[in-house]
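Visitor:
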Amino acid sequence: MDHLTPQPRRRDPRAKSPSESSSDELAAVSAHEEAERRRASWTKGITPQRPKKSGRLYSGSESPDELAVDADEYWRSSRTRNRHRNQSPINRTDSHDDHSQGGAEGHPEDDTVDTDEEQAHDAHNWSDRSATPVAPTLPPKPDHLNYKEKFVMRGHLRGVSAVQFSPDCSMIASAGADAAVKVWDTATGRLIHTFEGHLAGISTLVWAPNGEWIATGSDDKTIRFWNVNTLKAHTKVFDGHHNYVYQIAFTPKGNILVSGSYDEAVFMWDVRRAQVMRSLPAHSDPVAGIDVVHDGTLIVSCALDGLIRIWDTHSGQCLRTLVMEDNPPATCVKFSPNGKYVLAWTLDGCIRMWSYVESRVVKTFQGHVNQKYSLSGCFGTYGPRDVNYQPPLCFAVSGSEDGSILFWDIVSKQVLQRLDAHSDPVLCVHTGTLNGKRLVVSCGLDKTVRLWEEASEDDAVSNGEANEEGLGEGASTPTPKSHSQDNTPALDADGDDAMTDAMPSAAATPAEDVTMT
1 MDHLTPQPRR RDPRAKSPSE SSSDELAAVS AHEEAERRRA SWTKGITPQR PKKSGRLYSG
61 SESPDELAVD ADEYWRSSRT RNRHRNQSPI NRTDSHDDHS QGGAEGHPED DTVDTDEEQA
121 HDAHNWSDRS ATPVAPTLPP KPDHLNYKEK FVMRGHLRGV SAVQFSPDCS MIASAGADAA
181 VKVWDTATGR LIHTFEGHLA GISTLVWAPN GEWIATGSDD KTIRFWNVNT LKAHTKVFDG
241 HHNYVYQIAF TPKGNILVSG SYDEAVFMWD VRRAQVMRSL PAHSDPVAGI DVVHDGTLIV
301 SCALDGLIRI WDTHSGQCLR TLVMEDNPPA TCVKFSPNGK YVLAWTLDGC IRMWSYVESR
361 VVKTFQGHVN QKYSLSGCFG TYGPRDVNYQ PPLCFAVSGS EDGSILFWDI VSKQVLQRLD
421 AHSDPVLCVH TGTLNGKRLV VSCGLDKTVR LWEEASEDDA VSNGEANEEG LGEGASTPTP
481 KSHSQDNTPA LDADGDDAMT DAMPSAAATP AEDVTMT
């Protein structure tokens with residue numbers, strides 16, 4: 001049967017369909033004209049251009065995340081188009097006639113094929129644009145400080161026990177055993193005014209948060225206020241303690257003053273009324289140190305009984321008692337800027353950093369001498385200002401009975417700098433910043449107040465001009481002498497490196513003006 005089955009007839013590919021061989025079409029278009037028409041159509045086509053490799057590409061919202069998505073989608077679609085081109089049976093580089101067989105709409109396709117090198121180059125460029133930026137590598141933190149003495153302010157007749165910058169650091173207040181309170185200009189070191197009124201030596205002073213008042217505590221058992229704008233004393237005397245007033249501190253709003261006394265009590269004063277609003281049965285020995293946390297919610301006190309107590313400001317309740325095994329007398333306490341730790345000075349020559357929540361010592365700083373006097377220090381920051389270290393670099397600073405000032409890194413406990421500061425014990429040190437310059441002010445039993453300014457390694461020592469009054473009352477002397485540095489790590493009694501951050505994670509509560517009548 002197979003030989004009877006008619007075989008299908010092959011169509012001659014050279015044969016033309018009736019429509020193609022129409023006499024009307026042959027009459028209308030010749031082969032030459034057809035070629036010219038195709039050539040003209042090709043030359044008029046617009047060749048698609050590949051995206052320019054610009055240095056920056058924006059999405060519609062200019063969002064960095066959308067930019068990365070746009071770049072990724074473009075690259076994927078580009079790879080798909082290239083794969084389709086490579087799989088096409090038409091070799092675009094064979095002949096000129098290929099251009100006449102363009103896309104469905106008569107437009108020619110791109111006659112370039114990305115090589116492997118070009119594709120790799122494009123992929124590298126696009127990945128650079130879409131990748132998440134890598135944080136720059138921070139330089140290693142400095143291993144020392146470089147404070148230089150700028151001014152020596154003379155005028156006190158006896159030892160100076162307390163010194164502090166004003167809130168804006170434009171002024172310095174100092175007080176001492178001569179019962180006088182002196183206010184100095186920070187920029188020039190010149191004496192602005194001297195307040196007198198206490199009947200005995202002054203042990204402590206503090207600026208009100210609004211910078212208008214200075215409060216002082218004296219051995220005459222009273223607390224007095226001095227107005228730096230009117231240069232007059234407040235009409236009311238804060239009288240209530242039964243013995244020497246050792247330490248005072250303001251709450252952040254300035255409406256409450258906390259005081260510690262030799263009478264073993266801690267008083268909370270209503271500043272507007274000049275009255276005691278609460279008495280805390282604090283210790284069984286004289287209270288030597290007082291401080292208030294940056295948000296005003298906690299009070300810390302210490303005493304010669306060696307105990308450190310944490311108090312709730314609102315209720316007056318004792319929340320925690322910190323105890324050392326041998327209970328050395330504690331003479332000063334300071335909250336860290338973030339309020340998580342308490343720095344405590346004791347008469348065994350140690351400064352201990354307490355985590356009061358855990359009731360344990362996390363750091364112990366040594367290297368200074370402290371066996372007799374009540375010394376006071378504070379915290380400060382260091383490192384290049386244009387480098388954002390996280391957490392910020394922080395130091396603890398204190399005076400010493402041998403006349404020196406020591407700076408410790410709070411994490412490594414390394415001594416960043418040792419200043420040969422005074423000729424007698426340094427009783428108080430405070431830190432501040434003015435016009436972008438980090439400053440330290442100190443005072444001691446040598447009757448002087450000294451201002452120190454941080455300098456870069458290659459800076460010449462910047463000193464002010466000498467006071468025209470020479471070295472007499474209220475004079476300040478610029479001193480260009482250099483000071484030694486000690487980068488030897490301090491010995492550690494506890495060996496605990498858990499504490500890494502003492503700087504504030506949030507700004508302290510803004511201070512409110514205090515209206516006093």
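Position 462 of the sequence shown, counted from 1, bears residue number 462 in the numbering used here, the numbering being contiguous throughout. We put the CB at the ideal spot given by N, CA and C, even for glycine. Since the model is a prediction, treat every value here as computed from it, not as a measurement.
Is it the case that the segment 377-386 contacts the segment 359-367, given that we only count it when at least three CB pairs across the two stretches are under 8 Å?
Guide: Because the criterion of three Cβ pairs below 8 Å is not met, the segment 359-367 and the segment 377-386 do not touch.
Visitor: Whole angstroms is fine: what's the gap from Gly-399's alpha carbon to Pro-281's?
Guide: For Gly-399 and Pro-281, the distance between alpha carbons rounds to 30 Å.
Visitor: Taking the alpha carbon of Ala-455 as the reference point, which residue from Thr-137, Pro-140 and Asn-146 has its own alpha carbon closest?
Guide: The residue with the shortest Cα to Cα distance from Ala-455 is Asn-146.
Visitor: Hey, how far is the Cα of Leu-434 from the Cα of Ser-376?
Guide: Taking the straight line from one Cα to the other gives about 22 Å.
Visitor: Measuring CA to CA, which of Ala-233, Trp-184 and Ser-374 is closest to Pro-425?
Guide: It is Ser-374 whose Cα lies nearest to the Cα of Pro-425.
Visitor: What residue range does the beta strand (DSSP E) around Leu-298 cover?
Guide: Leu-298 -> beta strand (DSSP E) spans 298-303.
Visitor: Nearest by alpha-carbon distance to Glu-325: which of Asn-338, Cys-318, Thr-313 and Asp-348 is it?
Guide: Taking only the C-alpha atoms, the option nearest Glu-325 is Asp-348.
Visitor: Name the two residues that bound the continuous beta strand (DSSP E) containing His-430.
Guide: Looking at the DSSP string, the run of the beta strand (DSSP E) that includes His-430 is 426-434.
Visitor: The beta strand (DSSP E) spanning Thr-216 covers which residue range?
Guide: Per DSSP, Thr-216 belongs to the beta strand (DSSP E) from 213-218.
Visitor: Would you please state the rounded distance, in angstroms, between the beta carbons of Thr-313 and Thr-297? I believe it to be under 8 Å.
Guide: 6 Å between Cβ atoms; contact.
Visitor: Taking DSSP as the reference, what is the three-state secondary structure of Gly-316?
Guide: In this structure, Gly-316 counts as coil in the three-state DSSP scheme.
Visitor: Is the CB-CB distance between Trp-226 and Thr-216 below 9 Å?
Guide: Contact flag set, yes.
Visitor: Assign Tyr-147 to one of three DSSP states: helix, strand, or coil.
Guide: If DSSP states are grouped into helix, strand and coil, Tyr-147 belongs with the strands.
Visitor: So which of Leu-138, Asp-178 and Ile-172 has the shortest CA-CA distance to Thr-186?
Guide: When each option's Cα is compared against that of Thr-186, the closest is Ile-172.
Visitor: So, is Asp-291 buried or exposed, given that buried needs 16 or more other C-beta atoms within 10 angstroms?
Guide: With 16 or more other Cβ atoms within 10 Å, it is buried.
Visitor: Along the beta strand (DSSP E) that carries Thr-364, what are the first and last residues, could you check?
Guide: Counting along the chain, the beta strand (DSSP E) containing Thr-364 begins and ends at 360-365.
Visitor: For Gly-155, count neighbouring Cβ atoms within 10 angstroms of its own Cβ and tell me buried if that reaches 16, exposed if not.
Guide: It is buried - the Cβ of Gly-155 has at least 16 other Cβ atoms within 10 Å.
Visitor: May I ask which residues mark the beginning and end of the beta strand (DSSP E) holding Asn-227?
Guide: Taken as a continuous stretch (DSSP letters only), the beta strand (DSSP E) holding Asn-227 covers 222-227.
Visitor: Please report the straight-line C-alpha distance between Val-237 and Ser-218, rounded to a whole angstrom.
Guide: Each residue's Cα considered, the two are about 12 Å apart.
Visitor: Taking the Cβ atom as the reference point for each residue, do Leu-451 and Val-160 lie within a distance shorter than 9 Å?
Guide: Cβ distance not < 9 Å, so Leu-451 and Val-160 don't count as in contact.
Visitor: Give the DSSP-derived three-state secondary structure of Leu-280 in the structure shown.
Guide: It is a strand residue.
Visitor: Judging by CA-CA distance, which residue of Ser-301, Asp-295 and Pro-252 is the nearest neighbour of Phe-267?
Guide: It is Ser-301.
Visitor: Which residue from Asp-178, Pro-209 and Thr-188 puts its Cα closest to that of Gly-197?
Guide: Of Asp-178, Pro-209 and Thr-188, the residue nearest in Cα terms is Asp-178.
Visitor: How about Val-276 and Ala-249: are their beta carbons less than 9 Å apart?
Guide: No, the Cβ-Cβ distance between Val-276 and Ala-249 is not below 9 Å.
Visitor: How would you write the range of the beta strand (DSSP E) that His-193 sits in, first residue to last?
Guide: Per DSSP, His-193 belongs to the beta strand (DSSP E) from 191-196.
Visitor: Please state whether the Cβ-Cβ distance between Leu-439 and Ala-396 is less than 9 Å.
Guide: No, these two residues do not count as a Cβ contact at 9 Å.
Visitor: Once the 5 residues before and after Lys-437 are set aside, which same chain residues still bring their CB inside 7 Å of it?
Guide: Cβ within range, chain order: Glu-453 and Glu-454.
Visitor: At the level of alpha carbons, what is the spacing between Gln-390 and Val-415?
Guide: About 21 Å.
Visitor: Let me confirm a value: Ser-279 is counted as buried when at least 16 other C-beta atoms fall within 10 Å, else exposed. Which label applies?
Guide: Exposed: under 16 other Cβ atoms inside 10 Å.
Visitor: Quick one: Cα of Leu-393 to Cα of Val-441, how far?
Guide: If you take the alpha carbons of Leu-393 and Val-441, they lie about 20 Å apart.
Visitor: Using C-beta distances below 6 Å, list every residue in its chain close to Gly-260, excluding the 5 sequence neighbours before and after it, in chain order.
Guide: Cβ neighbours of Gly-260 beyond the five flanking positions: Tyr-246, Gln-247, Val-266, Val-287, Ile-290 and Ser-301.
Visitor: Alpha carbon to alpha carbon, what distance is there between Thr-137 and Cys-378?
Guide: Cα-Cα distance, rounded: 31 Å.
Visitor: My output table needs one value for Ser-412: the three-state DSSP class, helix, strand or coil.
Guide: Coil at Ser-412, not helix or strand.
Visitor: Are Leu-307 and Thr-331 closer than 9 Å when you measure CB to CB?
Guide: Not in contact: Leu-307 and Thr-331 (Cβ atoms no closer than 9 Å).
Visitor: Is DSSP giving Lys-182 helix, strand or coil here?
Guide: Correct three-state label for Lys-182: strand.
Visitor: Buried or exposed: which applies to Cys-428, given that a residue is buried once 16 or more other Cβ atoms fall within 10 Å of its Cβ?
Guide: So Cys-428 counts as buried.
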